[in-house]
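Notes for the one structure printed next.
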Amino acid sequence: MSALRNAVQRRNHKERAQPYERQKWGLLEKRKDYRLRAADHKAKKAKLSILRSLAKDRNPDEFAFGMVSSRTRDGGVRVAERKNTELDQDQVKLLKTQDAGYLRVQSDMERRKIEELEKGLAFVGASQGKHTVFVNEVEEARKFDAAEHFGTHPELVGRRFNRPRLEQLAEGEVGEEKKVQSGDDEKLRKRQEQAERKKMQKARLRRYEELEARLKRQEDLKKLEREKELQRARMGKGGSAKLGKFNMARKR
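Numbering (this note's numbering), first residue to last: 3 to 254.
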């Protein structure tokens, strides 16, 4: 019978949502949320009551040796001093050795990054396109004519694009409209090259600033490393220096 009762479709009981005029206050608090909040409030209230009773029944003449090394701050917050244990000389030397090793590792990391920056700065700049032509003999290299090799007018050899051949110029394919177009292309090319040069200069300046900062950091790390080594050497046992050795002579 219970299985048949559970098989019957029942009404879905939906929880009431937050009213529209109270949506700015967030989600509507449910019964389970209220119970958790009320239990937390009651626990805090009971704890405060216990603390108030302890403070009320406190003996004003009470003394403990922990009071000597502790103090109150920010309205009664008790702050105790840390019990720093003194280290012996060997432990201090070991710590200074570890500090020197850490400084040495950091200095090596900075050195590698400085080398990478110096290598990169050798190649940062406006890259000029090159067209290498290989010939068979030295005499051909001396008599080499770029305009003849590319089959264009000598004034158009320096162009990296829109470089028509002599046949195209002779056939009239490059007329007034082509000249205007080539002039516009030349202006566009110059603007692009100028923007590229500015971009490369900014990148180069940033790399130089980073290199300068890393060089200064490496110098500071080396200075600290030398200071640690000097401190560790001072803590070592000094040798006994004999000022002079005299032969014993019998006095008469």
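All C-beta atoms in this analysis are idealised placements derived from N, C-alpha and C, irrespective of residue type, glycine included.
Option nearest residue i by Cα separation, candidates the options
{"i": "Ala235", "options": "Arg114, Thr99, Lys26 and Met202", "result": "Thr99"}
{"i": "Lys32", "options": "Lys16, Phe146, Leu232 and Lys145", "result": "Lys16"}
{"i": "Lys121", "options": "Asp186, Leu213 and Gln170", "result": "Leu213"}
{"i": "Arg80", "options": "Met69, Asp147 and Leu89", "result": "Met69"}
Distance CB(residue i)-CB(residue j) smaller than 9 angstroms
{"i": "Leu96", "j": "Arg206", "result": "no"}
{"i": "Ser71", "j": "Glu227", "result": "no"}
{"i": "Arg255", "j": "Leu30", "result": "What is shown of the chain runs 3 to 254, which leaves residue 255 out entirely."}
{"i": "Val135", "j": "His151", "result": "yes"}
{"i": "Glu169", "j": "Gly153", "result": "yes"}
{"i": "His155", "j": "Ala148", "result": "no"}
{"i": "Asp101", "j": "Lys230", "result": "yes"}
Simplified DSSP state of residue i, which is helix, strand or coil
{"i": "Leu217", "result": "helix"}
{"i": "Gly238", "result": "coil"}
{"i": "Val176", "result": "Model confidence at Val176 stands at a pLDDT of 49, short of 50, so the residue's coordinates are unreliable and nothing is read from them."}
{"i": "His155", "result": "coil"}
{"i": "Met202", "result": "helix"}
{"i": "Val137", "result": "coil"}
{"i": "Gly122", "result": "helix"}
{"i": "Arg18", "result": "coil"}
{"i": "Gln11", "result": "coil"}
Flag this pair as touching only if the segment 109 to 122 and the segment 206 to 224 have three or more C-beta atom pairs under 8 angstroms; answer yes or no.
-> yes
Check whether the segment 24 to 43 touches the segment 52 to 60, counting contact only when three or more Cβ pairs, one atom from each stretch, lie closer than 8 angstroms.
-> no
Ordered list of beta strand (DSSP E) runs contained in the segment 35 to 115, each at least 3 residues = 72 to 75 and 79 to 82
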